[in-house]
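Mapping of the sequence shown onto the working numbering: residues 23 to 171, in sequence order. Structure first, then comments.
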Amino acid sequence: MNVDLRELYQEVILDHNKRPRNRHALEDATNRSEGHNPLCGDQVTVFLKAEDGRVVDIAFEGQGCAISTASASLMTEAVKGKTLEEATAIFREFQEMVTSPDSDEEHPNLGQLQVLAGVKDHPVRIKCATLPWHTLNAALSGEGKVSTE
Ligand code: ZN
23 MNVDLRELYQ EVILDHNKRP RNRHALEDAT NRSEGHNPLC GDQVTVFLKA
73 EDGRVVDIAF EGQGCAISTA SASLMTEAVK GKTLEEATAI FREFQEMVTS
123 PDSDEEHPNL GQLQVLAGVK DHPVRIKCAT LPWHTLNAAL SGEGKVSTE
């Protein structure tokens, strides 16, 4: 990855950490789940409203490091309006992107989520980046709580 791109990615992460999108509770949520990453202390609650197999609204609350907060914020933007199948497909591709350290494969389908690709070089951070996604997955499958441990 070239230096300019890396800096740009860093800026997007910092921006989402400073001004997280969709960080609030969702009164009329149909699904919710709480996630915890004991390794870093990240806590996230994901709320979503599913209707006719589509994520019509999604939000999160929680406390965590910059990576987990930015990842949750970016996730809500990526998944809102998608069908449940599409959301699951994005989750799988995201997971693959951040857990394949030797792969330089590009993931254009992931759009802005690609800014988090750099965490694959920092194993400790992978759980921070994937926590919101595991929590979303748990919410979709009706599990109340999830831990990265
Ligand atoms: Zn963290």
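We put the CB at the ideal spot given by N, CA and C, even for glycine.
CB contact flag (Thr121, Gly57, <8 Å): no
Euclidean distance between Cα positions of Asp50 and Asp74: 15 Å
Within 8 Å, strictly: CB atoms of Leu106 and Val78: No, the pair does not count as a contact, with Cβ atoms beyond the cut-off.
3-residue-minimum beta strand (DSSP E) runs that sit fully inside the segment 74 to 125, ordered along the chain: 76 to 85
From Glu99, Asn53, Cys62, residue whose alpha carbon lies closest to that of Arg41: Glu99
Collapsed DSSP secondary structure at Asn173 in the structure displayed: The structure shown does not extend to residue 173, since the chain is modelled only from 23 to 171, so the question has no answer here.
Burial state of Ser125 (16 or more Cβ within 10 Å): exposed
For Gly57, the residue or residues it bridges with in DSSP: Val66, Val168
Three-way DSSP call (helix, strand, coil) for Arg28 in this model: helix
Ser90 Cβ short of 7 Å to the ligand ZN heavy atom set: yes
For Gly103 and Ile89, the rounded distance between their alpha carbons: 23 Å
Distance cut-off 7 Å: Asp212 Cβ against heavy atoms of the ligand ZN: Residue 212 falls outside the range modelled here, since the chain spans only 23 to 171, and no answer is possible.
Beta-bridge pairing of Arg45 - partner residues as DSSP gives them: Phe82
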